[in-house]
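Everything in the sequence shown is counted per this note's numbering, starting at 633 for the first residue and increasing by one. Following: one structure in C-alpha cells, then a few remarks.
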Amino acid sequence: MTKRIVISGFGGQGILTLGNVIAEIGMGKDYNVTWMPSYGAEMRGGTANCGVILSNKTIGSPMVQKKIDILCAMNRPSIDKFLPQVVPGGIVLVNTSIVTQKIERDDVTIVEIDATNIAVKVGNARVANMVMLAGFIKEAKLFTIDDVTTVLEQRFGKKRPELIPLNIEAIKLGL
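Here it is in C-alpha cells:
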C-alpha cells in the first residue's frame, strides 16, 4: 500500500500542520513516511502545500505532485494546480466554504466539506484543517480518531493542552 497525498491552500490555514499530523500518525502506525512542505516567502495568505507519502514499502522519492492519490484542497488555486495530477480512482477533499465552484471530474471521488464554516461553529476558523482531517479519516480509511488523538496529545500536550479538545471537537463535527 502506498498513498501519495497533497494538502494545499493558503498560508495560515494549517496546511503544513495537517500534513505533519498525517505523517506523524503514519509513523505511529509503522508506515514508511515522507513529508515535504512547500510555501512562499510571504507565509500567511500566500500559497502553501505539502506532500505526504505513506507506504508499507520503501519510498524511493518524496515527490508527490505527479501522481496524487488524495488531494486535500483548501482553496480554488489548489484545485486548479493539483486536480489534474489526481489519479483516476483518487480522492479529492474540497473545502466548500472557500471553493464554491463545482469540481468537474467523474473519475475521482469528490468529497465536499464545509470546513471553514464548521470550524467557525466550533469556535475557531483555524481548526478548518482538522475538519478536513475528518474527511481524510473517513475517506482514506487509514486512521481512526484515536490515532489522531494520540498524535495531538503528543504534539500539544505540554505546550498547548487547551488546543487538544478544540481540535478533537472540530474532527468530530467534521465526521
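Beta carbons are placed, not taken as given, at the ideal position from N, Cα and C, and that holds for glycine. The structure displayed is predicted, hence computed values, not measured ones.
Item, Value
"Under the three-state reduction of DSSP, which class applies to R792: helix, strand or coil?", "coil"
"Distance, Cα to Cα, I639 vs D778?", "21 Å"
"For G668, name the three-state secondary structure that DSSP assigns.", "Per the sequence presented here, residue 668 reads as Met, with Gly not at that position. M668 falls in the strand class under three-state DSSP."
"Could you tell me if Q733 is buried or exposed, where buried requires 16 or more neighbouring beta carbons within 10 angstroms of its beta carbon?", "exposed"
"With a threshold of 6 Å on Cβ separation, who are the neighbours of I742 within its own chain once the five nearest residues in sequence on each side are excluded?", "V724 and I735"
"Just to confirm, are I637 and V665 a CB contact at a threshold of 8 Å?", "no"
"Where are the beta strand (DSSP E) runs, 3 residues long or more, that stay fully inside the region 718-784, in chain order?", "718-727 and 741-745"
"Can you check whether the CB of M706 is closer than 8 Å to the CB of K691?", "According to the sequence shown, residue 691 is Ile rather than Lys. Not closer than 8 Å, so no."
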